[in-house]
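Colleague: Here it is, the structure, as structure tokens.
Protein chains: 2
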Amino acid sequence: MPRSKGAVSIRDVAAAAGVSVATVSRVLSPATADVPMRKETRDKVVRAIDELGYRPNDLARALLHHRTAAIGLVVPDISNPYYPPLVRGVEDVASSRGYRVVLCNTDRDPAKITGYLDTLIKTRVDGIVVAGGGWADVPDRTAVLGRYRTGLVAVGRHLTAHPSVRIDNVAASRAAAEHLIGLGHRRIAFVGGPASSTTVQDRAQGFRDALKASGLDGRAPVVRYGDFTEESGYELTREMLRLARPPTALLCANDRVALGAYAAAADTACRIPDDVSVVGFDDTPIARYVRPTLTTVAIPTYEMGSAAMRLLLAQFEGDGGPALETMPTRLVVRDSAAAPSAG
Amino acid sequence: MPRSKGAVSIRDVAAAAGVSVATVSRVLSPATADVPMRKETRDKVVRAIDELGYRPNDLARALLHHRTAAIGLVVPDISNPYYPPLVRGVEDVASSRGYRVVLCNTDRDPAKITGYLDTLIKTRVDGIVVAGGGWADVPDRTAVLGRYRTGLVAVGRHLTAHPSVRIDNVAASRAAAEHLIGLGHRRIAFVGGPASSTTVQDRAQGFRDALKASGLDGRAPVVRYGDFTEESGYELTREMLRLARPPTALLCANDRVALGAYAAAADTACRIPDDVSVVGFDDTPIARYVRPTLTTVAIPTYEMGSAAMRLLLAQFEGDGGPALETMPTRLVVRDSAAAPSAG
DNA sequence: TTGTAAGCGTTATCAC
DNA sequence: GTGATAACGCTTACAA
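Residue numbers (our numbering), protein chains in the order written: chain A, 1296 to 1638; chain B, 1296 to 1638.
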């Protein structure tokens, strides 16, 4: 019977088995697997352990070893379909290496970010993976992170001075725009997410670059900002489709925005791709299942997550300083973008 | 300068401020906010704290207080669009009450479930929220959970003997089927997820109940199983649409399956809802944005998550035994289901 | 082959 | 007002 009202501890096991706590520790610690011990003793201990349903306290171990085997994962919002694969990527390699992951949703709110960061440090996670923006107004914590030997890797380009995994949004967007131009489009619009997002800025930039390179920037390129939702894509597209000379092609900031564009097109009797071509970003599962199927830029979100976690593990092993891994994107050509109709 | 190679601890602060560790602890502990202390002393300590960038070690605190302020959240797969809102619901109320959440993806694999459960217990989380199935072959851990005073609440009906939050899938599915019947459909099929899922079983049951109640079960009701993906919905629907007398309406196990059905209909020149009506489950964001818009059963996933976390908090406060909270569902009527055409 | 005891970073109890 | 010090549950020299 456990000592006090508390949970069963190594002392209870020791008492039950009639040995010292050190002996119990020895049968549990992989580190001491090699020290010799009488089989009889070991058996007594093992028996006591499962009679009492004993589970060693990892907090105590962590305190001793200065290693919690936990990492923090900071994302804007897990409900945003972009993040789940990334989270899964992180969690998969984390758990395969014995790490737990603490999930934090920040809504890109600097106050929340700061709060989570401090909690994570106080609970002494071994490292942190941060994805998504909102960091502009976050007080710098690199010093504190350093003091507590807390690793950090960023997914994206919002946090320099730390290892990071990224994609080349400028190039990816430029390639998508060039695809549209190659199809014969001359009036193309970029229908966008939040102007404050570095991702959106890069994609808009790639779009402009493509227009300029093709000599299509006679008039100012049409770039509209909103946010990353279907609703935003719907509204923006509706507006544009009502113009006297509406764009014949839309490069959307992500698939959700593109889906909103689909709805707007349907509601204004515009056919895709006949009347207007649409290209998305992310290659969400739905891209393959909407009709027409959506041409979109595939982003290896899962791989970015797993790469980030691997970078973190490399940091733990002291592998060099800031690393930067750029993951490849790929334009997935489906049915939503075609040559503009003669009209 | 910190004592050893280790991180800065309360002793370093004490040394730097020229006071004892007890004094430092007093300025940090909210519990001892009322004990009198010379302002000058407090200031010295505060200054030392932020000069050193000191952050108290919550592991040590947890060891003392037998409370980690962490909870485990066990889901089959965060990449499945059903779970993110639930996870967010849990995390929101958790963080608002000062709890961190450790995310675990099990893929419904009993071995993984068991592994995560043991890790969570060893790290002494205060409680666990479990959602999704795969528990049939998981060794019972209630005894151990009890020993370590680990709370647990289940989302769904897969784990009895614990408080849980659920929805009435039988009734919800029945209502959806009755909607179709009311529209005039006579040949309705249930196109399903995994047969092993209690959720699917309940939805199939509600479907059968509705048919029977309307005297429509002359022939055996058509129920097809697969999994919860677009692909599965696509294949199943394709098959059925090729039948001599294809169903005029499809009750799909979830929205992803319904989306697959949309694609299959498009590819076999079937119009929705003219040739075939489609009803989904979950009311995912896309439901509003596909065309035609999808009639579907809304499930308050976010609220289920937050309710589950609140139940857990109630357990911590020792509020009674097993509770059961049943959340309401709602049929959202949109454009994908209409009266069958005369043909 | 096993036990004793110091220590990980805190808080809480008791002295002074 | 402030300081020693004994816990919390474990690991690991060092002794025996």
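Here a beta-carbon is modelled for each residue, glycine too, at the ideal position from N, C-alpha and C.
Quick caveat, the model's predicted, so the values are computed rather than measured.
1. So that I know if they touch, is there some Cβ in chain A lying closer than 7 Å to that of B:Glu1612?
2. Which residues in chain B sit within 8 Å of A:Ile1373, going by Cβ to Cβ distance?
3. Can you list the residues of chain A that B:Gly1348 reaches, using a CB-CB cut of under 8 Å?
4. Mind checking who B:Arg1461 pairs with in its DSSP beta bridge?
5. Taking DSSP's pairing of strands, which residues face A:Val1448 in a bridge?
6. Say yes only if the C-beta of A:Ala1326 is nearer than 6 Å to one or more non-hydrogen atoms of the ligand HEM, and no if none qualify.
7. Out of A:Ala1317, A:Glu1620 and A:Glu1530, state which residue places its alpha-carbon closest to the alpha-carbon of A:Met1652.
8. Kindly give me the distance between the Cβ atoms of A:Ile1462 and A:Ile1594, rounded to whole angstroms, as I take these residues to be in contact under 8 Å.
9. For A:Ser1572, which residues does DSSP report across the bridge?
10. Output the distance between the C-alpha atoms of A:Thr1248 and A:Asp1577, rounded to the nearest integer angstrom.
11. Looking at A:Ser1631: is its Cβ nearer than 7 Å to the Cβ of A:Val1573?
12. Along the alpha helix (DSSP H) that carries A:Val1330, what are the first and last residues, could you check?
13. So, A:Val1439 versus A:Gly1600, is the Cβ gap smaller than 7 Å?
14. Start and end of the alpha helix (DSSP H) containing A:Val1370?
15. Pick helix, strand or coil for B:Leu1478, following the three-state DSSP scheme.
16. If I'm right that B:Thr1543 touches B:Pro1635 with Cβ under 8 Å, what's the distance once you round it to whole angstroms?
17. When Cβ atoms are compared, which residues of the region 1517-1532 of chain A fall closer than 7 Å to chain B?
18. Excluding the five sequence neighbours on either side, which residues of its own chain have a C-beta within less than 8 Å of the C-beta of A:Ala1311, listed in chain order?
19. Kindly list, in the order they appear in chain A, the residues whose Cβ is closer than 7 Å to that of B:Pro1376.
20. Below 8 Å on C-beta distance, what does B:Gly1555 contact in chain A?
21. Is the Cβ-Cβ distance between A:Pro1580 and B:Pro1379 less than 7 Å?
22. Using the DSSP secondary-structure output, state which residues sit across from A:Leu1511 in a beta bridge.
23. Please list, in chain order, the chain A residues whose beta carbon lies closer than 7 Å to that of B:Pro1580.
24. Let's see if you can read the secondary structure: which residues bound the beta strand (DSSP E) around B:Leu1589?
25. Between A:Thr1295 and chain B, is any beta-carbon pair separated by less than 7 Å?
26. Closer than 6 Å by C-beta to B:Phe1502: which residues in its own chain qualify, once you throw out the five before and the five after it? Chain order, please.
27. Does B:Val1303 get closer than 7 Å to chain A when you measure Cβ to Cβ?
28. Establish whether the CB of A:Val1397 and some CB of chain B are separated by less than 7 Å.
29. Give every residue of the same chain whose Cβ lies closer than 8 Å to the Cβ of B:Tyr1443, excluding the five residues on either side of it in the sequence, and list them in chain order.
30. Whole angstroms are fine: how far does the CA of B:Val1341 sit from the CA of B:Leu1358?
31. Just mark A:Leu1608 as buried or exposed, buried being the case when its beta carbon has 16 or more other beta carbons within 10 Å.
32. So is B:Ile1416 in contact with chain A if we call contact Cβ pairs under 7 Å?
33. Figure out for me which residue from B:Lys1407, B:Met1535 and B:His1480 has the closest Cα to the Cα of B:Asp1512.
34. Which same chain residues end up closer than 6 Å to A:Thr1493 when comparing Cβ atoms and leaving out the 5 residues on each side of it in sequence?
35. What does A:Asn1400 reach in chain B if we use C-beta pairs closer than 7 Å?
36. So, helix, strand or coil for B:Leu1398, using DSSP?
Modeller: Well, looking at it:
1. Stepping through the second sequence from its first residue, residue 1612 of chain B is reached at position 317. Using beta-carbon distances, B:Glu1612 does not count as an interface residue toward chain A, since no partner is under 7 Å.
2. Position 78 of the first sequence, counted from the start, is the residue given in the question as residue 1373 of chain A. Simply Ile1373, Pro1379, Val1382, Arg1383 and Glu1386.
3. Mapped onto the second sequence, residue 1348 of chain B falls at position 53. Within chain A, the C-beta atoms nearer than 8 Å to that of B:Gly1348 come from Ala1438, Val1439 and Arg1442, in chain order.
4. Residue 1461 of chain B sits at position 166 when you count from the first residue of the second sequence. Answer is B:Thr1621.
5. Along the first sequence, one-based indexing puts residue 1448 of chain A at 153. Within the DSSP bridge table, the entry for A:Val1448 names A:Val1424 as partners.
6. By its list of ligands, the structure shown contains no ligand whatsoever, and the ligand HEM lies outside what it can speak to.
7. No answer is possible for residue 1652 of chain A: it lies beyond the span of chain A, which begins at 1296 and ends at 1638.
8. Walking along the first sequence from the start, residue 1462 of chain A turns up at place 167. Walking along the first sequence from the start, residue 1594 of chain A turns up at place 299. Correct: roughly 6 Å between the Cβ atoms.
9. Position 277 of the first sequence, counted from the first residue, corresponds to residue 1572 of chain A. A:Ser1572 pairs with A:Ala1544.
10. Only positions 1296 to 1638 of chain A appear in the structure, and residue 1248 of chain A is not among them; the question remains open.
11. Position 336 of the first sequence holds residue 1631 of chain A. Position 278 of the first sequence holds residue 1573 of chain A. Contact flag set, yes.
12. On the first sequence, residue 1330 of chain A is found 35 positions in, with the first residue counted as 1. Bounds of any alpha helix (DSSP H) do not take in A:Val1330, whose DSSP letter is neither H nor E.
13. For the purposes of this step, residue 1439 of chain A is identified with residue 144 of the first sequence, where counting begins at 1. For the purposes of this step, residue 1600 of chain A is identified with residue 305 of the first sequence, where counting begins at 1. It is not a contact, given that the beta carbons lie outside the stated cut-off.
14. On the first sequence, position 75 is the one that residue 1370 of chain A refers to. That residue, A:Val1370, is in no alpha helix (DSSP H); its beta strand (DSSP E) goes Ala1365 to Val1370.
15. As a first step, residue 1478 of chain B must be located in the second sequence, where it is residue number 183. Here B:Leu1478 carries a helix assignment [DSSP, helix/strand/coil].
16. Locating residue 1543 of chain B in the second sequence gives position 248, where the first residue counts as 1. Locating residue 1635 of chain B in the second sequence gives position 340, where the first residue counts as 1. Here B:Thr1543 really is in contact with B:Pro1635; their C-beta atoms are around 4 Å apart, less than 8 Å.
17. Listed in sequence order: Glu1525.
18. Along the first sequence, read from residue 1 onward, the residue named residue 1311 of chain A stands at position 16. Cβ contact annotation for A:Ala1311 (same chain, cutoff 8 Å, sequence separation greater than five): Ala1343, Glu1346 and Leu1347, in chain order.
19. Position 81 of the second sequence holds residue 1376 of chain B. Here the neighbours are Pro1376.
20. Taking the first residue of the second sequence as position 1, residue 1555 of chain B is located at position 260. Correct list: Tyr1584.
21. Looking up residue 1580 of chain A in the first sequence gives position 285. Looking up residue 1379 of chain B in the second sequence gives position 84. It is not a contact, given that the beta carbons lie outside the stated cut-off.
22. Within the first sequence, the letter at position 216 stands for residue 1511 of chain A. A:Leu1511 pairs with nothing; no bridge assigned.
23. Here the question's residue 1580 of chain B lines up with position 285 in the second sequence. Simply Glu1525.
24. Here residue 1589 of chain B is taken as the residue at index 294 of the second sequence, counted from 1. Following the DSSP letters along the chain, one finds B:Leu1589 in no beta strand (DSSP E), marked with neither H nor E.
25. Missing from the structure shown is residue 1295 of chain A; chain A here goes from 1296 to 1638 and no further.
26. The residue you call residue 1502 of chain B lines up with position 207 of the second sequence. The answer, listed in chain order, is Ser1468, Ala1472, Phe1485 and Leu1546.
27. Residue numbering aside, residue 1303 of chain B sits at position 8 when the second sequence is read from its first letter. B:Val1303 counts as touching chain A.
28. Within the first sequence, numbered from 1, the residue matching residue 1397 of chain A stands at position 102. Answer yes: the Cβ-Cβ gap between A:Val1397 and chain B drops below 7 Å somewhere.
29. Here residue 1443 of chain B refers to the residue found at position 148 when the second sequence is read from its first residue. Non-local beta-carbon contacts of B:Tyr1443 in its own chain, meaning distances under 8 Å to residues more than five positions away in sequence, involve Ile1416 and Arg1419 in chain order.
30. Counting from one through the second sequence, the residue named residue 1358 of chain B turns up at place 63. Counting from one through the second sequence, the residue named residue 1341 of chain B turns up at place 46. The straight-line gap from Cα to Cα measures roughly 25 Å.
31. Along the first sequence, one-based indexing puts residue 1608 of chain A at 313. Result: buried.
32. What you label residue 1416 of chain B is simply residue 121 of the second sequence in a count that begins at 1. The beta-carbon of B:Ile1416 is placed less than 7 Å from the nearest beta-carbon of chain A.
33. In the second sequence, the residue the question calls residue 1512 of chain B occupies position 217. Answer by Cα proximity: B:His1480.
34. On the first sequence, residue 1493 of chain A is found 198 positions in, with the first residue counted as 1. Hits under 6 Å: Arg1452 and His1453.
35. Counting from 1 along the first sequence, the entry for residue 1400 of chain A is found at position 105. Per Cβ cutoff of 7 Å: Arg1383 and Glu1386.
36. Counted from its first residue, the second sequence places residue 1398 of chain B at position 103. In the three-state scheme derived from DSSP, where H, G and I count as helix and E and B as strand, B:Leu1398 is classed as strand.
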